[in-house]
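According to numbering that gives the first Met the number 0, the residues represented by the sequence shown are 0 to 987, in order.
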Amino acid sequence: MSLDGTQPVQKTPHRSYPLRVHIATLFTLLILLTGLSICWYAYWQNQKLALQLAQARFSDTARGTAASLEGLHRPTEALVNMLAALGKLSDSDTLPERLDGLGLLSEALRSNPQLVSLYAGYSDGDFFLLRRLADVAARERFAAPREAAFLVQSVERAGAEQIEGRYLFLSDDLRILSDEARPDYRFDPRGRPWYQLARSQSGLVRTEPYAFFTTGEVGLTFARRSDNGRVIVAADLTLSRLSAELARASPTPSAELALVDARQRVLAYRDPARLLRPESGQGAASRLSRLQELPAPVLRGLAAQLGKPQAQAGQYRAAGGRDWLYSLQPLTAQGAQRSTLMLAVPLDELFAEARRVRDRTVLATLLILALSLPLTWWLSHRIGERLRALSDEAKRIQRFQFDGEEPPPSPVHEVDMLGQAIGKLKRTIQRFLDISQSLAEETQFDRLLDRVLLETIGATGAEGGAIYLLDEASQTLKPAAMRWQDAALGVAELQPIALDAVSNPLAMAVRERTTELLALSAPREPSLAYVDAHFGLQPVLMIAPPLANRSGELVGVLCLFLPGDSDHISPARAAFVEALSDSAAVAIENQRLLQGQKDLLEAFIKLIAGAIDAKSPYTGGHCQRVPELTKALAEAAHRAEDGPFKEYRLSASEREALHIACWLHDCGKVTTPEFVVDKATKLETLYDRIHEVRMRFEVLKRDAEIAYWRELAQGGDALALAQRCQHEQAQLDEEFAFVAQCNLGGEQMSAEQLARLGQIAQRQWLRTLDDRLGVSWEEAQRMAAQPTPELPVLEPLLADKPAHRIARKPHEQMPADNPWGFKLSQPEYKFDRGELHNLSVRRGTLSEEDRYLINDHIVQTIIMLSRLPFPKHLQRVPEIAGGHHEKMDGGGYPKRLIRAQMSVEARMMAIADIFEALTAVDRPYKQGKRLSEAVAIMARMRDDAHIDAELFALFLRSGVHLDYARRFLRPEQIDVVDIEAYLTEGRA
């Protein structure tokens, strides 16, 4: 038998394998990891190779640029040297003579496209220049004929003032196409830097690079003085080929290449348009751009590293965050100034091919992965199917869902063992939760104990069991519940067990706080004689776990009886029993604590009700009797099988709410002043002020007698004076008797009586003493509002003084929009103790202010109860308790509810409250009504829609009124009531 009391399911044997058999599937992951590793390694190698290739290309570009510089300079230098040595230019004095040498000059220009012009400057200021017009832009610049291939610019000086400037446009075969005089062309070579530099030196000279004024190209001038010293021969060499070569050498689209000199002037750039910048001033010539003026942040950032003699290379992050590979290569052509070739390539473009290779490798790896997925899925599915099922089962257990079939067995041995363990776990938890829930649902303590036994016996497969609870006062274990599997038994035949009983296993379990597991052989302990009665002489196994609460305090002991010996119980079952005992102990403790709290609340409620009844003899046992009558009427409605209450049923929680509401229905009376509740006469407050009034009448009678003797002493008629005195005193006696009768409030006063009372009040008496002496501070404050009269002073016999009126404090005001929904007509004053005001009450002894204070008890009841933190099932207590003064027609108080707005229980309590008040015999101010009188009065109240007609009919038909009368009324009050005469409205 399993721990949950059921027979274990027999599983079909199957062959299982260790988990390591399936580890081979992990090789797929190894293949993927290997592929990714190769991918990243190839990417790293490609990056390394790209860097090496870039550095090699940088070096090739530097060498090519240096060779280009050398290739430009050497032919030009040789040509200038040759022209200086020949006599064609140096020995000619006129333009025709100089034109004879055009063949050599034109051929030199044709053979070297980088030569812009060849020219000679003479010591007398003459100037001769041959320029090649290689393209349309050049011809347009000089307004040359379309066939012009060369331009001769000539300046001849015959003196300081005779200067002849000429432009000769020649065809490619040196025919003169146009000969134009240019008077404005007055160029003097002797002021030019190249002339002066060559004049001062004997060999070949070279100028610094500059922007040619005529063509706007960047270049430099080679010049040499002729052997006879008359002429300086020069050639203009453009560097545009270098910019073109740098543009062709760019390894990537965004690469930056520039050739700069030692002054960081740009000699060549991949974009030739960026080489020149205009000088400031209108008509000024252009100048070479400086490195910081190029649109290349990376080159500007590398400017600080220029000037070093050795080559430099590395990586650089520009201002925009882009990474670059750079190289700075110093270049020096023979006879030229030092310059530096700057090269920079963005790494993202340099590594673009490496990334493409990487992406193709990743794509290939993913393709391999995609092709291997079906096989991998099939293998993993075989292993993971059972694990997924177990995972789902674990999630269901986590969600406390224990239904459904168990997953099929797995070929993996370890997984199969896990599945079996989860199945046992699910069954155990489900059984434990079912037991805990059933114990938690039980609210009756006696039934709870039997439920504990029933559940634990069923869960463990025991034959029976018993529960003993600890009595700390007597230090004994007292039997509380006993049952066998088929039926529950009483505990009358079970004996208490003393804790100090040495041989008793139950006492031992409690003393040692350990679960006793004993094989009981016959005959057994006398306290366990009931075991012999069930099992006879067969061996019995007893499990006895102690019951302890949350604080570890012993509550009692649970004992279970199983047939057989200790071999029939496993450690798992013993542990399960201990867990169940802990849950049972908590449930028992909860019920005992809950019952204790209810008992405490019940005692406190009855304490308040008793205090209210004891506060005033005029209420007697009202608070004790109204609950009995209300609950009796509610039970009658609960038992009704037909009529308007056939569907009315009370639950246990509703009975509890009604019980508490009944006992607290007048709890607000603790705030009502006793002198108001007990007010037996109209002038009574803390004492009956009729004595003050009587004393004033005595004063007036003395005044009449004094007047008699005074006038008699003055010679008046003795007989007439005596008759007047006697008449006046008799009138005062009669008037006082009338006032005293009004003070009783027994009958309703007529208008004539009120008028006579007003006339009597107008009598005056003489006060000679200060009425503000010896009074309380509060009364003195009220009297201070009026000026102090001079003594002696005449005062009315019955007065309504301002000091008699006590104002209502702000916190005692009840606003119309109060949160409780009270609809009250609040008097202006809290107390009005005016003598005439109180004596003029038409009926009874209570003034309007007194009646408001009396009625205020129900207001305070609702406020007090609404502030109590009632649990959910008791939240209707304020509504039930606070509605017993409402009327069915809305004329009641304090909310003026109509019948439809009142609960059934509130209407029941209204009937009970009225009936108890009519029949009460412990009120000193009245006698209790006979049963027939009370029923007749209530029938009239039903007809006036003051009480519920259906409940009043139930009150009579069910005999609740008679049952109550037999319990609480005197025999002489119980008379015959013809209930049929009062069951129909209008027959009262």
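Positions of the beta carbon are idealized from the N, C-alpha and C atoms, including for glycine.
Candidates R185, S36, R205, of which the one nearest A77 by Cα: R205
Entirely enclosed beta strand (DSSP E) segments - the region 211-258, minimum 3 residues: 217-224, 230-237
Assigned secondary structure, P826 (DSSP; H/G/I helix, E/B strand, else coil): coil
For A760, the three-state DSSP class (helix, strand or coil): helix
Three-state class that DSSP yields for A136 in the structure shown: helix
Pairwise C-alpha distance: K871 and L838: 49 Å
Sub-7 Å separation of Y166 and E179 beta-carbons: yes
Assigned secondary structure, V297 (DSSP; H/G/I helix, E/B strand, else coil): helix
Straight-line Cα distance separating A261 from G228: 33 Å
A532 versus E524 - alpha carbon distance: 12 Å
For A573 and D581, the rounded distance between their alpha carbons: 13 Å
R895, DSSP secondary structure in three states: coil
Residue interval of the beta strand (DSSP E) (run including P277): 275-277
Between the CA atoms of D974 and F644 - distance to the nearest angstrom: 28 Å
For Y686, three-class secondary structure by DSSP: coil
Every unbroken alpha helix (DSSP H) within the region 889-965, with a cutoff of 4 residues, ordered by chain: 903-918, 930-942, 948-956
Option in L517, L592, E915 with minimal Cα separation from V554: L592
Short Cβ contact (7 Å threshold) for E339 with V259: Residue 339 is actually Thr in this sequence, not Glu. For T339 and V259, yes; Cβs fall inside 7 Å.
Cβ pair count under 8 Å reaching 3, the region 812-825 against the region 779-787: no
Short Cβ contact (7 Å threshold) for A83 with R223: yes
M341, enclosing beta strand (DSSP E) - first and last residue: 338-345
Backbone secondary structure at M541 - three-state DSSP: strand
Secondary structure of P795, DSSP reduced to three states: strand
Through-space distance from E733 to L718, alpha-carbon basis: 22 Å
C-alpha distance - R299 paired with L327, whole-angstrom precision: 13 Å
Buried versus exposed, by CB contacts within 10 Å (16 or more), S288: buried
Whether F821 touches K886 by CB criterion (7 Å): no
In DSSP terms, what R205 is bridged to: F221
N- and C-terminal bounds of the alpha helix (DSSP H) containing D312: Correcting the residue identity first, residue 312 is Ala in this sequence and not Asp. A312 -> not in any alpha helix (DSSP H); beta strand (DSSP E) instead, spanning 311-316.
Straight-line Cα distance separating E155 from H98: Per the sequence shown, residue 98 should be read as Leu rather than His. Taking the straight line from one Cα to the other gives about 13 Å.
R956 versus L968, V934, E139, D912, residue with shortest Cα-Cα distance: V934
Separation of P570 from T459, as counted between CA atoms: 12 Å
Given L219 as reference, the closest of L349, L129, L71 once Cα atoms are compared: L71
Sequence-distant residues of its chain with Cβ nearer than 8 Å to G202 (five each side left out): R223
Coarse secondary structure for G190, derived from DSSP in three states: helix
Spatial neighbours of P74 in its chain, beta-carbon cut-off 6 Å, leaving aside the 5 residues before and after: N111
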